[in-house]
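Only one structure is covered here, and it is reproduced in the block below.
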Amino acid sequence: MIDPKKVFLGGFSQGGIMSYSVGLTFPQKFAGIFILSSRLLPEVKPLVKPKEELQNLEIFIAHGKNDSVLPIQYAADALAFLR
3 MIDPKKVFLG GFSQGGIMSY SVGLTFPQKF AGIFILSSRL LPEVKPLVKP
53 KEELQNLEIF IAHGKNDSVL PIQYAADALA FLR
């Protein structure tokens with residue numbers, strides 16, 4: 003059996019969207035998520051587990067400031083939502 007305390011989920015762009023979606027709705031399955039140049043979809047926000055259930059989930063967000071496809075504001079928005 004795989005120990006969820008050793009599993010990290012992450013992705014770039016669309017992979018980050020999926021990592022947000024899965025990691026924030028099933029946080030007990032992962033030690034953490036890492037998101038690179040991506041966004042948290044508004045459709046996913048109502049499905050995100052309560053903050054108490056996210057406490058043990060490590061979250062790393064990085065975004066290029068000159069990204070012309072997904073603006074860096076998406077990272078700031080996700081960070082604000084998660085705080």
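For the sequence shown, the working numbering begins at 3 and goes up steadily by one.
Where is the CB? At the ideal position from N, CA and C, for every residue including glycine.
As the structure is a computational prediction, the values presented were derived from the model and not from experiment.
Assigned exposure category for residue i - 16 Cβ within 10 Å defines buried
{"i": "F32", "result": "buried"}
{"i": "G13", "result": "buried"}
Under 8 Å between C-beta atoms of residue i and residue j
{"i": "G34", "j": "L59", "result": "yes"}
{"i": "I37", "j": "S23", "result": "no"}
{"i": "V84", "j": "S15", "result": "Before going further, note that residue 84 is Leu rather than Val in the sequence given. Going by C-beta atoms, L84 is not nearer than 8 Å to S15."}
{"i": "L43", "j": "I74", "result": "no"}
{"i": "R82", "j": "I63", "result": "A small correction: the amino acid at residue 82 is Ala; Arg does not occupy that position in the sequence shown. Contact flag unset, no."}
Range covered by the beta strand (DSSP E) that runs through residue i
{"i": "G13", "result": "10-14"}
Nearest neighbour of residue i, chosen from the options [CA to CA]
{"i": "V46", "options": "I63, E54, F28", "result": "F28"}
{"i": "V50", "options": "D5, I63, G13, G25", "result": "G25"}
{"i": "N68", "options": "E54, G17, M3, S39", "result": "S39"}
{"i": "K53", "options": "S70, G66, Q30, A77", "result": "Q30"}
{"i": "G17", "options": "G66, R41, I61", "result": "R41"}
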